[in-house]
Amino acid sequence: MSRDRKVALITGGSRGIGLGVAQCLAVEGYALAINGVREPLAVESELAALEKKGNEAVYFRGDVSSPADRQAILEQIESRFGRLDVLVNNAGITSPARKDILEAGESSFDEVFSVNLKGPFFLTQAVAKWMIRQRGSRPDFSGCVVNISSISGVVASTHRGDYCMSKAAIAMASKLWAARLAEFGIPVYEVRPGLIESDMTAPVKARYDKLIGEGLTLEPRWGTPTDVGKAVAMLVRGDLTYATGQVLTIDGGLTAQRL
Ligand code: NAP
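Take the sequence shown: its position 183, counting from 1, is numbered 234 in the numbering used here, and each next residue is one higher.
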């Protein structure tokens, strides 16, 4: 194992958008720390495929909403790789019951906020402190944090209000961390996907197929995890300069207002 290779932690990196991000960062030459909640056995083939691109890909199982799991994940990354250069906060859940906000309950609210907001916020806090320490000991260190939010943070869906609110909040978390970490040269970005084909959207595929067919998006297709991965790769490569705190919307023009 070489400590020369940059390391990226991608939460929820073994499927969907997270896997798309992992594949794009593998191409960029990153060693990959892949997090998720499933058994390691369930993600073996994805990890093997990532390693075929020539990089290490190691699975760190843990629930981002759990303080003990977050600490364990970072300790294991430190002992395995000795460094962490990029954090991609991607893990997330949709509203479990997708209930109308007139009926939605507190347990769904708590669960969605724990995974989609509390987890990434405090994971960023811990990673930021580690990045600041790394910067102190290695002048060439350049960290980067990317939060995967959603157009649901700006487009209201009344049958999953908790999800929408959690995504609006992670947008503010991105701005807060951009403001706090700028003095350390660590940029923080928000990547805001639209409709992306994944397990999360599989149950609503037919409904959105129809809407896309009727012109919901300017680009008449679903987005792919690779569309989002390419945006993240561009950011961590440093191609977008003098722009910390910025939002990249990857939605095929869904939120472009038309008259
Ligand atoms: P997905 O296919 O359902 O995958 C979600 C990933 O998050 C999985 O890898 C899952 O781990 C992981 N995860 C869930 N809860 C976790 C927890 N408590 N701790 C650690 N990992 C956890 O979803 P996706 O569509 O790829 O979505 C990824 C992110 O993009 C989410 O934040 C989502 O809100 C956002 N997003 C998605 C869309 C879309 O259209 N799909 C649009 C906008 C934004 P396991 O694999 O181990 O189960």
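Cβ coordinates follow ideal geometry from the N, Cα and C atoms, glycine included.
Cβ pair residue i, residue j closer than 7 Å
i	j	result
S200	R243	yes
S165	S208	no
G63	V279	no
P171	S159	no
F192	R186	yes
G101	A108	Per the sequence shown, the amino acid found at residue 101 is Leu instead of Gly. Yes, the Cβ-Cβ distance between L101 and A108 is below 7 Å.
L60	A84	yes
E241	V298	yes
H210	R258	no
Alpha-carbon to alpha-carbon, residue j and residue i
i	j	result
I263	R272	7 Å
R134	L267	43 Å
D114	M216	21 Å
G245	D151	21 Å
N86	L310	43 Å
A77	Q176	25 Å
N198	I247	16 Å
P118	L174	9 Å
E265	D213	27 Å
K281	A73	10 Å
L227	N141	18 Å
G236	A294	12 Å
E296	S130	The question names Glu, yet the displayed sequence has Gly at residue 296. Whole-angstrom Cα-Cα distance: 30 Å.
S65	T292	29 Å
A253	K180	37 Å
D290	D250	30 Å
Residue burial classification, residue i (beta-carbon count within 10 angstroms, cutoff 16)
i	result
D302	buried
D161	exposed
G156	exposed
Q308	exposed
S96	exposed
K218	buried
D260	exposed
V178	buried
G304	exposed
D136	buried
A224	buried
G105	exposed
V255	exposed
L153	exposed
Sequence-distant residues of the same chain with beta carbon closer than 8 Å to residue i, five excluded per side
i	result
E79	A284, V287, R288
T306	I202, V205, V206, G245, T300
C75	T277, G280, K281, V283, A284
Contacting residues, own chain, Cβ-Cβ under 6 Å from residue i (five flanking each side not counted)
i	result
D25	The structure shown does not extend to residue 25, since the chain spans only 52 to 310, so no value can be given for it.
R56	A82
A230	none
Y110	I85, P91, V94, L98
M182	G194, I237
Expected contact under 8 Å - CB spacing of residue i and residue j to nearest Å
i	j	result
P238	G67	About 24 Å separates the two Cβ atoms, so there is no contact after all.
L168	I221	6 Å
R54	F132	7 Å
Spatial neighbours of residue i in its chain, beta-carbon cut-off 7 Å, leaving aside the 5 residues before and after
i	result
K103	none
D269	A small correction: the amino acid at residue 269 is Leu; Asp does not occupy that position in the sequence shown. Excluding residues within five positions, the ones whose Cβ falls inside 7 Å are G303, G304, A307.
A123	G113
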